[in-house]
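Sequential numbering from 6 applies to the sequence shown in the numbering used here. Beta carbons are placed, not taken as given, at the ideal position from N, Cα and C, and that holds for glycine. Read through the structure below, which is laid out as structure tokens, and then see the notes.
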Amino acid sequence: MGQKVTKAVFPVAGMGTRFLPATKSIPKEILTLVDRPLIQYAIDEARAAGITEFIFVTSRGKGALEDYFDHAPELESSLQKSGKSELLSIVKNTNMESGAIAYIRQHKALGLGHAVWCARRLIGDEPFAVILPDDVITGDVPCLKQMVDAYEETGGCMVSAMEVSRDKTSAYGILGVREESGPMFSVSEMVEKPAPGEAPSNMAVIGRYILTPQVLSNLDEMKKGAGGEIQLTDAIATEIREGRDVYGYQFSGQRFDCGSKAGYLQATVAFGLAREELRDEFAAYLDQISAAKKAAE
Ligand code: G1P
Numbered sequence: 006m007g008q009k010v011t012k013a014v015f016p017v018a019g020m021g022t023r024f025l026p027a028t029k030s031i032p033k034e035i036l037t038l039v040d041r042p043l044i045q046y047a048i049d050e051a052r053a054a055g056i057t058e059f060i061f062v063t064s065r066g067k068g069a070l071e072d073y074f075d076h077a078p079e080l081e082s083s084l085q086k087s088g089k090s091e092l093l094s095i096v097k098n099t100n101m102e103s104g105a106i107a108y109i110r111q112h113k114a115l116g117l118g119h120a121v122w123c124a125r126r127l128i129g130d131e132p133f134a135v136i137l138p139d140d141v142i143t144g145d146v147p148c149l150k151q152m153v154d155a156y157e158e159t160g161g162c163m164v165s166a167m168e169v170s171r172d173k174t175s176a177y178g179i180l181g182v183r184e185e186s187g188p189m190f191s192v193s194e195m196v197e198k199p200a201p202g203e204a205p206s207n208m209a210v211i212g213r214y215i216l217t218p219q220v221l222s223n224l225d226e227m228k229k230g231a232g233g234e235i236q237l238t239d240a241i242a243t244e245i246r247e248g249r250d251v252y253g254y255q256f257s258g259q260r261f262d263c264g265s266k267a268g269y270l271q272a273t274v275a276f277g278l279a280r281e282e283l284r285d286e287f288a289a290y291l292d293q294i295s296a297a298k299k300a301a302e
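Below you can see the structure in the form of structure tokens.
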């Protein structure tokens, strides 16, 4: 029932103040887990879900992102000459086909809804995905692919969802759960960053969305919501109010909040341990520090 989703928006205009001073000169999306920048994980997930057009909503100081996805002929030929074929293929895998990637500037930091709205002309009249690269999700089937498969049956809008502890609701968009069927449920309401006492549930929106172009029209109103920002959550909630379907999708996989220092460090440990060539040495080191910590207690 859902149309094929081929475009994805990556809102990457945020200043990344939580990672200052690093983000004074590098975009936070270039911070690495082991040896790959956060943005690479987001792009790989989009590709695995069949996305072929990548729209970056950027801001000042994000030039490193454009360079990252550009071809690097000198580097490639030097790797080729020195016979480093494995590294060469890793580098080549970051290249984007000409015309597959577009950059739009968000001139003012007016919120996530506004950032997505900035991409409206490139999206046109078709459903599209939104990926927040801060949310890194691992799993056998990439999260967006799980959603795209489910979306084929449903159409409408779909957001990825995960239960969080009650005291954390004010950090997320929170969903009212109407009717569950498997990992999917129909959403009765959506509230951006409610206090625990006002949250309709503890089911949070995680940074993967499949949205209809109607959401972009809803954003035309430029209504400010939580934190005085133009919120994507509010534009999706308008869909529910107007009687159109919105679904939550409880993905299988593990999510790391790489927008926070603690989450980023946890992801670093998990991704380090997942690498065969690092595992033994890294695990031994973790054992050693945890034993030393216990001994000190
Ligand atoms: C954004 C969204 C929020 C969502 C969250 C997921 O908030 O506004 O609804 O739950 O991403 O990571 P942010 O983390 O940018 O404040």
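Whole angstroms are fine: how far does the CA of G264 sit from the CA of V220? When rounded, the distance between both Cα atoms is 25 Å.
Less than 8 Å separating the beta-carbons of D239 and P201? No, the pair does not count as a contact, with Cβ atoms beyond the cut-off.
Taking 7 Å as the cut-off, is the C-beta of A240 nearer than that to any heavy atom in ligand 1? Distances taken from the Cβ of A240 to the heavy atoms of ligand 1 include none shorter than 7 Å.
Helix, strand or coil for A176 per DSSP? Three-state DSSP puts A176 in a helix.
Check each candidate in R213, E194, E71 and name the one with the smallest Cα separation from E50. Cα-wise, what sits closest to E50 is R213.
One or two residues paired with V146 in a DSSP bridge: According to DSSP, V146 bridges with nothing at all.
Check: E197 C-beta below 7 Å from any heavy atom of ligand 1: The answer is yes for E197.
So is the beta-carbon of Q236 under 7 Å away from any non-hydrogen atom of ligand 1? Checking every heavy atom of ligand 1 against the Cβ of Q236, one is found closer than 7 Å.
So, at 6 Å on beta carbons, what are the nonlocal neighbours of C123 in its own chain, with the 5 sequence-adjacent residues on each side left out? The answer, listed in chain order, is V62, I109, Q111.
Mind checking whether P138 and E34 have CB atoms under 8 Å apart? Inclusion of P138 and E34 in the CB contact set at 8 Å is warranted, their separation being smaller than that value.
Let's see if you can read the secondary structure: which residues bound the alpha helix (DSSP H) around G253? For G253, there is no enclosing alpha helix (DSSP H); the enclosing beta strand (DSSP E) covers residues 251-255.
Range covered by the alpha helix (DSSP H) that runs through V17: No alpha helix (DSSP H) holds V17; DSSP gives it neither H nor E.
From G129 to M6, what does the alpha carbon distance come to, in whole angstroms? Separation of G129 and M6 (C-alpha to C-alpha, rounded to the nearest whole angstrom) is 19 Å.
Applying the criterion that 16 or more other CB atoms from any shown protein chain within 10 Å of the CB defines a buried residue, is T217 buried or exposed? When all chains shown are included, T217 counts as buried.
Just verifying my parser: in three-state terms, what is the DSSP assignment at A166? Strand at A166.
Cβ-heavy atom distance, D172 to ligand 1, below 7 Å: For ligand 1, not one heavy atom lies less than 7 Å from the Cβ of D172.
Inspect the CB distances between the region 289-298 and the region 225-234 and report whether three or more fall short of 8 Å. A contact is defined here as three or more CB-CB pairs under 8 Å, and the region 289-298 fails this definition with respect to the region 225-234.
Can you give the beta carbon distance from I211 to A166, rounded, assuming they're within the 8 Å contact cut? Yes, they are in contact, since the Cβ atoms of I211 and A166 sit about 7 Å apart, within 8 Å.
Burial state of I179 (16 or more Cβ within 10 Å): Per the 10 Å Cβ criterion, buried.
Which term fits T57, buried or exposed, when burial requires 16 or more other beta carbons within 10 angstroms of its beta carbon? Classification for T57: exposed.
Indicate the three-state DSSP secondary structure (helix, strand or coil) for Q271 in the structure shown. For Q271, the secondary structure class from DSSP, reduced to helix, strand or coil, is helix.
Is it buried or exposed for I95, if we count other Cβ within 10 angstroms and need 16 for buried? So I95 ends up on the exposed side.
Out of A53, V39, A27, point me to the one whose CA is closest to A279's CA. Answer by Cα proximity: V39.
Count the other CB atoms within 10 Å of the CB of P16; is the residue buried (16 or more) or exposed (fewer)? By the 10 Å Cβ count, P16 comes out buried.
Short check: CB of V164 to CB of G66, under 8 Å? Their beta carbons are not under 8 Å apart, which means V164 does not touch G66 by this criterion.
Would the C-beta of V251 count as close to ligand 1, meaning under 7 Å from any of its heavy atoms? V251 Cβ: outside cutoff for every heavy atom of ligand 1.
CB of A114 within 8 Å of CB of A27, strictly: It is not a contact, given that the beta carbons lie outside the stated cut-off.
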